[in-house]
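Right, one structure below, let's go through it.
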Amino acid sequence: MIKIIKYVMADILRNKIIIAYTIFLLVIGMSVFNLEDNTTKGLLSLLNIVLIVVPLVCIIFSTIYVYNSAEFVELLVSQPLQRKHIWLSLFCGIALALVLAFFIGIGLPVLLYSFSATGIILVAVGLMLTVIFVAIAMLAAVKTRDKAKGIGIAVLLWLYFSLLFDGLILFILFQFSDYPLENFMLFLSTLNPVDIGRIFILLKMDVSALMGYTGAIFQNFFGTLPGMITATIVMLLWMVLPLYFSLRIFNRKDL
Amino acid sequence: MKFNRWIAILFMLAGTYTNCVNAASLLVGKSQQYKLIQQAINAAKAGDTILVSPGVYKEQTIVINKTIFLIGIQYPIIDGEHTYQIISIKANNVLVKGFKLMHSGTSSLIDIAGIKVYDAKNVVIEDNFLEDTFFGIFLQGATNCTIKNNNLKAYAKTDQQSANGIHCWKCDSLYIIGNTVTGHRDGIYFEFVTHSLIWRNRSFKNSRYGLHFMFSHNDAYIANIFQKNSAGVSVMFTHGVKMFNNVFEDNWGDGCYGIFLKEITDSHISGNTFLRNTTGIFFEGATRIVVEKNTFIKNGWAAKIQANSIQNTISNNNFLANSFDIATNGSLVENTFNKNYWDKYEGYDLNKDGFGDVPYHPVSMFSMIVAENPTTMILFRSFMATLFDKTEKILPSLTPENLVDKLPYMKPLRL
Amino acid sequence: MIIATNVTKKFGRLTVLNNVSVNCNKGECIALIGPNGSGKTTLVKSILGMVVPDSGFITFNGQNILHNWAYREHIGYMPQIGRYPENMTIGHVIAMMKDIRKSNHNGPLDEELIEQFDIPNMLNKRMRTLSGGTTQRVSAALAFLFNPDVLILDEPTAGLDPVASELLKEKIIKEKQKGKLILITSHILSELDDLVTQVIYMQDGNLLFHKSLEHLQNDTGEKKLSRVIASVMRNQS
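Chains as they are written, first to last, in the working numbering: chain A, 1143 to 1397; chain B, 518 to 932; chain C, 4 to 240.
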């Protein structure tokens, strides 16, 4: 399996898009800290990159890559190899490459210029979201045979996780504003990895504001060790479950 | 006013000096003439000094009813045995210095204190430790008294079981300087106290307010530090307040403010630092307050201004890394924002005069949404919230149009 | 060696394989013949485990191939249209295949076709730049590389120039003589003449017949495979 990961990695790391992505992140990561003397503001700009750009690039790149690897996968499937290993290797290769890109592009500047709890959480959330959206892309790509349709679904999923889901939450909050919804919101937010990641960062970046009003409830949940562990487990589930389902489909898929 | 104060101090010094001529020193201690402090006080003449040797004294309540200087050597302990008020001062020109007062009684009916001053003048309470007292130092009808360098520590669990650290009621011309207060209900409490100076005190981790005052006009609060009090600082029904160079830090929670201004008029808040408070300043019915040269860093809301606050001026402040700069509950805001530095400002300065060419609107769309429905805070900094704020900047609809800083600084002010 | 029993496969409503049963043994060279869309490639892919049948089962050396992958080390597969990672060079692909099969291939490598097809001179070419014919040469070379017991060749000569085509044919005959099982699909019947010992004819997902070439020649009185098949078709209709 390591061998296949090696070949996938070797292929992706030569890919122009991944190189462009790394450079893009690095340019933003460096300029954000060099142009702003206020590192908190720099982290704030990176927050948008982590929550919006990273999922978008990860899900679309991975989907396209999986489609483009169809030949490679076909070639491997006719060889004495387990399908499970082929699929997991593909996942690991893509995820590792994107994780590497993110770490070089955003991780290094953050650790250099803003080595703080907020910075570390930001990088950790970015890394987790990278892996999660690769896993979601694998599922989207294996489910649909048609490439254009698959990419469309990937874009829709991204839109859902970064915008529509929050719109839905806002709608519920205003529709049912007479009811105490805090705990329900707590549950609802775990249904979206982007939201969990964002709340993780908010708890460091905006802890003062979160202590007011109902924010304290989120602080009391996510801010405590059991809450942190629960949230991290949920994030891990967001990596494992899409991958698991995609693997199940791939195992039975006709090539 | 200031002149009067100096006269008073001069008189006091003069009085001390003349007394010294025929004043005696009475010694209290196990192996001294007086075994009990009260015995020495009873035996003393006005102007005498009583020196208390180290040891533990349990004398129920010590009453000082004549002008004496009560001085502890190496902090002798006076124990109230969880039952009694420890020292009552009922005479003018008394000095209490160098004691450790512990375990006063508690009561929900009468105000039991570590040291209580009853309608006296020129009393000095200096350099004492008060531990586990109900009220710490209680001044009632006192004038021209100095409370200096005392250290008050209580272990309040609930508001009901605890009382205030330095509690002043109907006083005038007090000097509260360099004290440390923690674990009480309110750190420093003023009611009907006028012309007083509160300087370089530190009040932290009190169960209600770090500083709380009502109906206390023309007082000055300078260079104090208020930290981690569960409701911050509360200032109510007062005019002529001067708050300079204080630090308000880590006051976290719902209904918790760096400063809570309620029905305050004609006051001045300048040179203060507000760091990591849920709300830096909350204005409710505040009128003609000048807020200038303050620094607001990393607060949830730097300031919340209720619509009933008018004619306030907020200028030359630095707003840095706050989650929200300003929030308000109304659309018509009659306050002036001018020449502040806002780190969220994204304008430009073509004519290089140091001020941005486009006005800054410190109230964001999302802060209005949060004000309407607090639970939406869970969506803070989401893509959607960002879109809302950007759209609002282009097409303002919800945020108050006249709440605007027309001359925002391009660079932070050096304060 | 390979036994398919009642294999049925549907793609949506279309039945691609309808209750197909075949039995292929060592030393045979089987031609899998049929019009386009008759299910030849699907049958081949089912044997390789790339397509999972809806019902029925396939055994390889007596073992069900479902959820099994190790048996594929005994198979060399040359796909109809060889598709390879575009960014890799020929050298990389060959090295990768050797690398992947290293752990379960102990015998010597058969690099005869690689030499004959002049592949060593093209090792640095990227796969996306190759012509269809060159890609087919690489596919063929890879299929024979590991000296497998079974060779499955899907339209092997399509796109090959006459020289390469001839080289490949010679190679197939050579391997046949070693007693390997060879399965060839093709619709260019003329080139199968010297090769095949058996014929499987498929149409619309059904296996019409599976007979030895000798048997068919006797039945029809024709010598050439193309004529044999034509005759069979005529008789059927």
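We treat Cβ as the ideally placed atom computed from N, Cα and C, and that holds for glycine.
Predicted model only: the values in this text are computed from it and were never measured.
Of all Cβ atoms in chain A, is any one closer than 8 Å to the Cβ of B/Leu778?
Closer than 8 Å: no.
For B/Lys933, which option in B/Gln744, B/Gly631, B/Ile776 has the closest C-alpha, if you only look at C-alpha atoms?
Coverage of chain B is limited to positions 518 through 932, which leaves residue 933 of chain B absent and any answer about it impossible.
Output needed for B/Cys537: all residues of its chain with C-beta closer than 7 Å, excluding positions within five of it in sequence on either side, in chain order.
At B/Cys537 the pLDDT is 49, less than 50, meaning the model places this residue with poor confidence; the figure from the coordinates comes in the next sentence. Here the set comprises nothing.
In chain B, which residues lie less than 7 Å from A/Arg1340 when you measure between Cβ atoms?
Ordered by position in chain B, the residues that pass the 7 Å Cβ test against A/Arg1340 are Arg898, Ser899.
Residues of chain B with a CB under 7 Å from the CB of A/Thr1374: which are they?
None at all; the shortest Cβ gap to chain B is about 18 Å.
For C/Tyr80 and chain A, any beta-carbon pair shorter than 8 Å?
So yes, C/Tyr80 belongs to the interface.
Between the C-alpha atoms of B/Gly572 and B/Gln591, what's the straight-line distance to the nearest angstrom?
Cα-Cα distance, rounded: 9 Å.
Should the segment 564–578 of chain B be called in touch with the segment 594–608 of chain B, which here means at least 3 C-beta pairs below 8 Å?
Yes: at least three Cβ pairs fall under 8 Å.
Going along the chain, which residues of the segment 25–53 of chain C sit with their C-beta nearer than 8 Å to a C-beta in chain A?
Going along the segment 25–53 of chain C in chain order, one finds Lys48, Leu51, Gly52, Met53 with a Cβ nearer than 8 Å to chain A.
Which residues mark the beginning and the end of the alpha helix (DSSP H) in which B/Met882 is found?
Run containing B/Met882: 882–889, per the alpha helix (DSSP H) assignment.
Return the residue from the list B/Thr853, B/Glu863, B/Glu708, B/Ala673 that minimises the CA-CA distance to B/His620.
The shortest Cα separation from B/His620 among B/Thr853, B/Glu863, B/Glu708, B/Ala673 belongs to B/Ala673.
I need the DSSP call for B/Thr795, collapsed to helix, strand or coil.
Correct three-state label for B/Thr795: coil.
With 16 other CB atoms within 10 Å as the buried threshold, where does B/Thr795 fall?
Answer is buried; the Cβ neighbour count reaches 16.
Check distances from the C-beta atoms of the segment 1317–1350 of chain A to those of chain B and list, in chain order, the residues that come in under 9 Å.
For the segment 1317–1350 of chain A, which is checked against every Cβ of chain B, the residues closer than 9 Å are Ser1319, Pro1322, Leu1323, Glu1324, Met1327, Leu1328, Leu1330, Ser1331, Val1336, Asp1337, Arg1340, Ile1341, Ile1343, Leu1344, Met1347, Asp1348, Val1349, Ser1350.
Along chain C, which residues have their Cβ under 7 Å away from the Cβ of A/Lys1145?
Those are Asp102, Ile103, listed as they occur along chain C.
Thinking A/Ala1296 and A/Ile1202 are a contact (beta carbons under 8 Å), I'd like their distance in whole angstroms, please.
That belief holds up - the Cβ atoms of A/Ala1296 and A/Ile1202 are roughly 6 Å apart, short of 8 Å.
Hey, how far is the Cα of C/Cys27 from the Cα of C/Leu35?
Looking at the two C-alpha atoms, the distance is approximately 11 Å.
Thinking just about the alpha-carbon of each residue, which of B/Ile781, B/Val698, B/Asp874 is nearest to the one in B/Ile742?
The candidate whose alpha carbon is nearest that of B/Ile742 is B/Val698.
Going along the chain, which residues of its own chain have a beta-carbon closer than 7 Å to the beta-carbon of A/Ser1331, five neighbours each way excluded?
Closer than 7 Å at Cβ, skipping near neighbours: Asp1337, Ile1338, Ile1341.
Put B/Gly749 into one of helix, strand or coil per three-state DSSP.
B/Gly749 falls in the strand class under three-state DSSP.
Taking the alpha carbon of B/Val764 as the point to measure from, which residue in B/Tyr774, B/Phe652, B/Gly682 has its own alpha carbon closest?
With distances taken between Cα atoms, B/Val764 lies closest to B/Tyr774.
For A/Lys1346, collect the residues of the same chain with a Cβ closer than 7 Å to its Cβ; drop the 5 residues on either side in sequence, then sort them by chain order.
Cβ neighbours of A/Lys1346 beyond the five flanking positions: Ala1259, Thr1260, Ile1263.
Select from B/Tyr858, B/Lys562, B/Gln744 the residue whose C-alpha is nearest the C-alpha of B/Pro478.
With chain B covering 518 to 932 only, the question about residue 478 of chain B has no answer from this structure.
In chain A, which residues lie with their C-beta within 7 Å of the C-beta of C/Glu204?
Note that residue 204 of chain C is Tyr in the sequence shown, not Glu. Neighbours of C/Tyr204 on chain A: none; closest Cβ ~24 Å, over 7 Å.
I'd like to confirm the pairing. Which residues does DSSP put opposite B/Val807 in its beta bridges?
Answer is B/His785, B/Thr830.
If distances are taken between C-alpha atoms only, which option among A/Lys1183, A/Ala1162, A/Leu1250 comes closest to B/Arg936?
Here chain B covers residues 518 to 932 and nothing more, so residue 936 of chain B does not appear.
Just the C-alpha distance for A/Val1382 and A/Thr1205, rounded to the nearest angstrom, thanks.
Each residue's Cα considered, the two are about 17 Å apart.
Would you mind stating whether B/Asn834 and B/Asn811 have Cβ atoms separated by less than 8 Å?
Taking 8 Å as the Cβ cut-off, B/Asn834 and B/Asn811 qualify as a contacting pair.
Considering B/Ala820, what are the terminal residues of the alpha helix (DSSP H) in which it resides?
No alpha helix (DSSP H) contains B/Ala820, which is instead part of the beta strand (DSSP E) from 818–822.
Using the C-alpha atoms, what's the distance from B/Leu587 back to B/Lys607?
Their backbone Cα atoms lie some 14 Å apart in a straight line.
Give the DSSP-derived three-state secondary structure of C/Met130 in the structure shown.
C/Met130: helix per DSSP, three-state reduction.
Going along the chain, which residues of its own chain have a beta-carbon closer than 6 Å to the beta-carbon of B/Thr535, five neighbours each way excluded?
Residue confidence is low: B/Thr535 scores 49 on pLDDT, short of 50, so the model does not pin down where it sits. No coordinate-derived value is stated.
Roughly how many angstroms lie between the CA atoms of A/Phe1275 and A/Phe1214, to the nearest whole one?
Roughly 22 Å between the two C-alpha positions.
Should A/Pro1222 be labelled buried (16 or more other beta-carbon atoms within 10 Å of its own) or exposed?
With 16 or more Cβ atoms within 10 Å of its Cβ, A/Pro1222 is classed as buried.
Measure the beta-carbon distance from B/Asp922 to B/Tyr865 and round it to whole angstroms, keeping in mind my assumption that it falls under 8 Å.
About 15 Å separates the two Cβ atoms, so there is no contact after all.
Taking only three categories from DSSP, how would you classify B/Ile603?
B/Ile603: coil per DSSP, three-state reduction.
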